[in-house]
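*Asks:* Residue numbers (my numbering): 43 to 158.
No residue lacks a Cβ here, since even glycine has one placed at the ideal position from N, Cα and C.
Here the structure is a predicted model, which means the values were calculated and not measured.
Encoded as structure tokens, here's the structure I'll be asking about.
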């Protein structure tokens, strides 16, 4: 599978979609931000800078300060694929984020979403 199109997507285009997904289920932008920061190690200002720089997904994750050491605990299916079985490290990080936002939108408690 060619993932280059996904990797080249602008984070600034995907981010509002993640927020919309959460807000449609009465969750908040702040909760989405908390998930992103937990997963990537960005603080809110660092994440905002990446949005302003209009970086692609690949760059966003490549420049992440530190992926959370508990991200390996993220399990489940996104887009019909088990996230723990994804071999490409960058695609796995992208799907981790998708999975966490899915859990948020389904009403899961933040303490359970932010494993560990």
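Just curious, the alpha helix (DSSP H) that residue 126 is in, first and last residue?
*Replies:* Looking at the DSSP string, residue 126 is not in any alpha helix (DSSP H), and its letter there is neither H nor E.
*Asks:* Would you mind stating whether residue 117 and residue 129 have Cβ atoms separated by less than 7 Å?
*Replies:* no
*Asks:* From residue 132 to residue 111, what distance separates their C-alpha atoms?
*Replies:* 15 Å
*Asks:* Provide the residue span of the alpha helix (DSSP H) that contains residue 88, from first to last.
*Replies:* Judged by DSSP secondary structure, residue 88 falls within the alpha helix (DSSP H) whose first and last residues are 86-95.
*Asks:* Identify, in the order they occur along the chain, each residue of the same chain with its Cβ nearer than 7 Å to the Cβ of residue 98, setting aside the five sequence neighbours on each side.
*Replies:* Setting aside the 5 residues that flank it on each side, residue 98 is surrounded in the same chain by 49, 50, 51, 52, 53, each with a C-beta closer than 7 Å to its C-beta; the list follows chain order.
*Asks:* Could you check where the alpha helix (DSSP H) with residue 100 kicks off and where it finishes?
*Replies:* 99-104
*Asks:* Measure how close the beta-carbons of residue 13 and residue 89 come, nearest whole angstrom, since I'm counting them as under 8 Å.
*Replies:* Nothing can be reported for residue 13, as the shown portion of the chain is limited to 43 through 158.
*Asks:* In chain order, what residues of the same chain lie with their CB nearer than 7 Å to the CB of residue 160, ignoring the 5 residues before and after it?
*Replies:* Absent from the model: residue 160. The displayed extent of the chain is 43 to 158, so no value can be given.
*Asks:* Going by DSSP, what residue range makes up the alpha helix (DSSP H) through residue 82?
*Replies:* 71-82
*Asks:* In whole angstroms, give me the CA-to-CA distance for residue 87 and residue 124.
*Replies:* One C-alpha to the other measures close to 31 Å.
*Asks:* Can you grab the Cα-Cα spacing for the pair residue 66 / residue 142, in whole Å?
*Replies:* 15 Å
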